Amino acid sequence: MKKLLAALAAAALAHGAYAQNTIKVGVVTFLSGPAAAPFGVPARNAAEFVAEALNKGGAPKPYEKRGFGGANLELVFVDEAGSTTTQVTEYRNLVQRANVDLVIGYVSSGNCLAIAPVAEELKKLTNFFDCGTPRIFEDASYNYVFRTSPTATMDSVGAALYVRDAKPSVKSIAGINQNYAWGQDSWGDFEAAMKVLVPNVEVKTSQMPKLFAGQYNAEISALLSAKPDVIHSSFWNGDLEALILQGGPRGLMKQSLTILTTGETAMHKLSAQIPDGTVLGARGPFGPYAPKNSYNDWFLAGYVAKYKEQPNYASYQMAQAFLGVKLAWEKAQDANGGKRPTNEQVGAALTGSTFEGPGGTVRMAIGKGHQAIMETVYGQTKLDKGKLTVVNVKRYSAEQVNPPEGIKSADWIKNGFKAK
Amino acid sequence: MDQLLSVGVDGVIYSAWLFTAALGLTLIYGVMKIVNVTHGSFYALGAYAAASLTGAWLARGYPPMLSYLVLLAAALLVSVVVAPLIERAILRYMYAKDEVVILLITYALFLVLEDVIKLVWGVNPYYIAQPYALLGSFTVGGLAHPTYNLILVVLALVSGLGLAWMLNRTRVGKLLLAVIHDPEVSRAMGINVNRYYLVTFTFGSMLAALAGAFTAPTVSVVPGLGVEIIVLSFAVVVIGGLGSLPGAALGAVIVGMVRSLSVHYMPQVELFVIYFVMAMVLAFRPRGLFSLAEPRKI
Numbered sequence: 000m001k002k003l004l005a006a007l008a009a010a011a012l013a014h015g016a017y018a019q020n021t022i023k024v025g026v027v028t029f030l031s032g033p034a035a036a037p038f039g040v041p042a043r044n045a046a047e048f049v050a051e052a053l054n055k056g057g058a059p060k061p062y063e064k065r066g067f068g069g070a071n072l073e074l075v076f077v078d079e080a081g082s083t084t085t086q087v088t089e090y091r092n093l094v095q096r097a098n099v100d101l102v103i104g105y106v107s108s109g110n111c112l113a114i115a116p117v118a119e120e121l122k123k124l125t126n127f128f129d130c131g132t133p134r135i136f137e138d139a140s141y142n143y144v145f146r147t148s149p150t151a152t153m154d155s156v157g158a159a160l161y162v163r164d165a166k167p168s169v170k171s172i173a174g175i176n177q178n179y180a181w182g183q184d185s186w187g188d189f190e191a192a193m194k195v196l197v198p199n200v201e202v203k204t205s206q207m208p209k210l211f212a213g214q215y216n217a218e219i220s221a222l223l224s225a226k227p228d229v230i231h232s233s234f235w236n237g238d239l240e241a242l243i244l245q246g247g248p249r250g251l252m253k254q255s256l257t258i259l260t261t262g263e264t265a266m267h268k269l270s271a272q273i274p275d276g277t278v279l280g281a282r283g284p285f286g287p288y289a290p291k292n293s294y295n296d297w298f299l300a301g302y303v304a305k306y307k308e309q310p311n312y313a314s315y316q317m318a319q320a321f322l323g324v325k326l327a328w329e330k331a332q333d334a335n336g337g338k339r340p341t342n343e344q345v346g347a348a349l350t351g352s353t354f355e356g357p358g359g360t361v362r363m364a365i366g367k368g369h370q371a372i373m374e375t376v377y378g379q380t381k382l383d384k385g386k387l388t389v390v391n392v393k394r395y396s397a398e399q400v401n402p403p404e405g406i407k408s409a410d411w412i413k414n415g416f417k418a419k
Numbered sequence: 000m001d002q003l004l005s006v007g008v009d010g011v012i013y014s015a016w017l018f019t020a021a022l023g024l025t026l027i028y029g030v031m032k033i034v035n036v037t038h039g040s041f042y043a044l045g046a047y048a049a050a051s052l053t054g055a056w057l058a059r060g061y062p063p064m065l066s067y068l069v070l071l072a073a074a075l076l077v078s079v080v081v082a083p084l085i086e087r088a089i090l091r092y093m094y095a096k097d098e099v100v101i102l103l104i105t106y107a108l109f110l111v112l113e114d115v116i117k118l119v120w121g122v123n124p125y126y127i128a129q130p131y132a133l134l135g136s137f138t139v140g141g142l143a144h145p146t147y148n149l150i151l152v153v154l155a156l157v158s159g160l161g162l163a164w165m166l167n168r169t170r171v172g173k174l175l176l177a178v179i180h181d182p183e184v185s186r187a188m189g190i191n192v193n194r195y196y197l198v199t200f201t202f203g204s205m206l207a208a209l210a211g212a213f214t215a216p217t218v219s220v221v222p223g224l225g226v227e228i229i230v231l232s233f234a235v236v237v238i239g240g241l242g243s244l245p246g247a248a249l250g251a252v253i254v255g256m257v258r259s260l261s262v263h264y265m266p267q268v269e270l271f272v273i274y275f276v277m278a279m280v281l282a283f284r285p286r287g288l289f290s291l292a293e294p295r296k297i
């Protein structure tokens, strides 16, 4: 009996020590469904790689400490596929049953909008790594919610600036975007920004096919008939790839300067099918646009060695989400006398912080210090010896493509943003 | 004028694609009275099988022109293996149940097959772009269209006319019509109705797989591919009348043309217009345009 009690006590102590030395991170991203391949799986891979690498220690300074402040990371993955209601339930399960210490995740803007108030209610530090809608911190204010990636406003404003620079003679534009919040907002921001840059620009047509429609022959015909100088598309996943596969052979990208704001996710898979001169975005300085720095060297080499493929922008966003929280966690832990910090202390350290990652400098500069801004980059494709490269690369500073604190994106664009 | 021509060409191509996909759905309903949601799974299976086999064919340096036959073979192969398995192992035990129960069973099978697809092929996309660009393009109204799209039109014509010929001109077809009209009397007359169910389910699924296989070169083959097509196919067969072959053809042409007109002239209503047409048809012809009068049974 004594032996049994001793064993139980030892187990309880070991569990306590384990819990003290382990930080459970809920990681939510698409593991199935159409968004898994372009976003979910590359992001999950990045989370897995970064957590393993951090647990081993030895990442570039200032991320060299093991795990978060010496405590190992344990990841709990949740599939983001399914309805928003399902995601809210899954989030509650993560926090209340799995007892995670923090949550990093969410690709879908709809999910982010639904999760933010629940995170606040449950007082759980939650970092959105990818979703694009600027409404999260423009329409509300949160203590426990953060986003270490820039909003979709940056993509559209950056695209408009690139069009102005690459094709100063632009007189007409057209769009093909998916008929839901992401597609409509992206086109709305791009159109508004173009009207600021080229006041008399003519909108030839705005095609809004259903999400995952897959067949775009009629839309491509309509775009070809309209003969716009520029075509804008925020298509992603299979829709993006179908547009490239169906539009390429018909000369769509040759006739008009075509800007694909999330095109980077397709560039490695469809390198032979993307016509030269197509403008690709990566939702920030990620992938082929990532700067030369020690963090990118570390991340790129480690990811490619582990997964035998190039990381895409979703992978970069996930990596920087971990690094941002790690730095804040350790700062809060130091301020707490080396003891494990509370969610409130980590949140306070992350608010308004600046950190470096594989995509360069991330500044939590807007949304009362909860929303990141970064520079953005666009370039044009060129097939070089069978490898797709980007040329005519242009970088736009964070201030050029993100609204200042306290101003809504739509108002900022309408009022002329930083067009110069 | 050029734009009207373009509307016509786009409409015909879209209608042909839709018709091939919806044909098997209406056939299976006509014979077996099953609203078959697994039709979407066979479309996806056809696409995945085509992407795998054609990809392997091209990767080994075999003649690209023969890749069209590989697309065909992939669709036949996957449907001949999977469809009889589902019919014999599951569906045949359900025929006595209510139509709604069978619909739910096929929906459950659809979900299972979606996961089976992920288990076999994973979640990463597959591409076989070569067959799409291989045949060059033709120009109508100043716009280039890939010649490959004509294959879709030919496929629709061959499938539709072939099925009509088989039903009306062959002994098997006439026996099948008898089964469609009254399975119980057919059984009493010595027709092996269960065998006809098996053949119909396999053939109908094969048509879905064919549509998926020939769509594969134009898209990236990803999980969830079968979801969209099942919704559109239902719209087509509901407009035409469930179980009607000419109804499916007319439904596909109406949806294809209306969508094409909307994309060219009023893109903001493209999403709405297909279902508006469906609602209008159902308001005036609740059983579809080509619904047949049903004999009353005492």
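For the protein sequence lines, the chains are R and Z, in the order given.
Numbered as in numbering that gives the first Met the number 0, the first sequence ends at 419 without a single skipped number.
Numbered as in numbering that gives the first Met the number 0, the second sequence ends at 297 without a single skipped number.
We put the beta carbon where it would ideally sit given N, CA and C, even for glycine.
As the structure is a prediction and not an experimental result, all values here were calculated from the model.
Query	Result
With 16 other Cβ atoms within 10 Å as the buried cut-off, status of Phe275/Z	exposed
Which of helix, strand or coil DSSP assigns to Tyr331/Z	It is not possible to answer for residue 331/Z, since the shown part of chain Z is limited to 0 through 297.
Close beta carbons around His14/R, own chain, < 8 angstroms, minus the five adjacent residues each side	Since pLDDT at His14/R reaches only 48, below the 50 mark, its modelled position is unreliable, and no value is offered.
Residues bridged to Leu74/R (per DSSP)	Val24/R
Length of the line joining the Cα atoms of Ile273/R and Val162/R	18 angstroms
Rounded C-alpha distance that separates Ala48/Z from Val30/Z	27 angstroms
When Asn199/R, Glu119/R and Gly69/R are compared against Lys338/R, the one with the closest alpha-carbon	Gly69/R
Within chain R, partners of Asp9/Z - CB distance below 8 angstroms	Asn216, Ala217 and Ser220
Inside the stretch 45-127 of chain R only - alpha helix (DSSP H) runs reaching at least 4 residues	83-91 and 108-121
Any C-beta of chain Z under 8 angstroms from that of Thr264/R	no
C-beta atoms of Gln245/R and Thr37/Z nearer than 8 angstroms	no
Whole runs of the alpha helix (DSSP H) within the stretch 59-107 of chain Z, excluding any shorter than 4 residues	66-88
Interface residues of chain Z facing Gly336/R [CB-CB closer than 8 angstroms]	Neighbours of Gly336/R on chain Z: none; closest Cβ ~45 angstroms, over 8 angstroms.
Thr204/R at chain Z interface by Cβ criterion, 8 angstroms	yes
Test: Phe211/R CB closer than 8 angstroms to a CB of chain Z	yes
Reduced DSSP category for Gln2/Z - H, G, I as helix; E, B as strand; rest coil	helix
Inter-residue Cα distance where the pair is Thr152/R and Val390/R	24 angstroms
C-alpha gap between Ser185/Z and Gly104/R, whole angstroms	59 angstroms
Neighbouring residues, chain Z, relative to Val40/R (Cβ below 8 angstroms)	Val122 and Asn123
Pro402/R: contacting residues in chain Z (beta-carbon distance under 9 angstroms)	What Pro402/R touches in chain Z: nothing, since even the nearest Cβ is about 28 angstroms away.
Unbroken stretches of the alpha helix (DSSP H), 4 residues or longer, contained in the stretch 158-234 of chain Z	170-180, 182-187 and 192-214
Cβ distance (whole Å) where Asp238/R is taken to contact Val169/R below 8 angstroms	That pair is no contact at about 25 angstroms.
First and last residue of the uninterrupted beta strand (DSSP E) at Met363/R	Gly359 to Ile365
Cβ-Cβ separation, Ala212/Z to Leu24/Z (assumed contact under 8 angstroms), whole Å	Not really, about 17 angstroms apart at Cβ, beyond 8 angstroms.
Rounded separation between Val376/R and Leu103/Z - CA only	49 angstroms
Alpha carbon of Ser78/Z to alpha carbon of Lys194/R, nearest angstrom	53 angstroms
Short Cβ contact (8 angstroms threshold) for Ala347/R with Ala371/R	no
Proximity test, Cβ basis, 8 angstroms: Asn424/R and chain Z	With chain R running from 0 to 419 in the structure shown, residue 424/R is simply not present.
Selection from Val197/R, Gly182/R, Asn236/R and Asn142/R that minimises the alpha carbon distance to Gly131/R	Gly182/R
Test item: CB-CB of Asp129/R and Ala42/R under 8 angstroms	yes
Against chain Z: residues of the stretch 272-286 of chain R by CB proximity under 8 angstroms	Gln272
Alpha-carbon to alpha-carbon, Thr125/R and Pro403/R	23 angstroms
Expected contact under 8 angstroms - CB spacing of Val26/R and Ala46/R to nearest Å	5 angstroms
Top-ranked residue by Cα proximity to Gly140/Z, from Lys23/R, Ala221/R and Pro340/R	Ala221/R
Beta-carbon contacts of Leu72/R that lie in its chain and below 7 angstroms, excluding the five residues immediately before and after	Ile22, Val24, Ala50, Leu53, Asn54 and Gly66
Minimum C-alpha distance to Asn20/R - residue among Pro340/R, Thr388/R and Val345/R	Pro340/R
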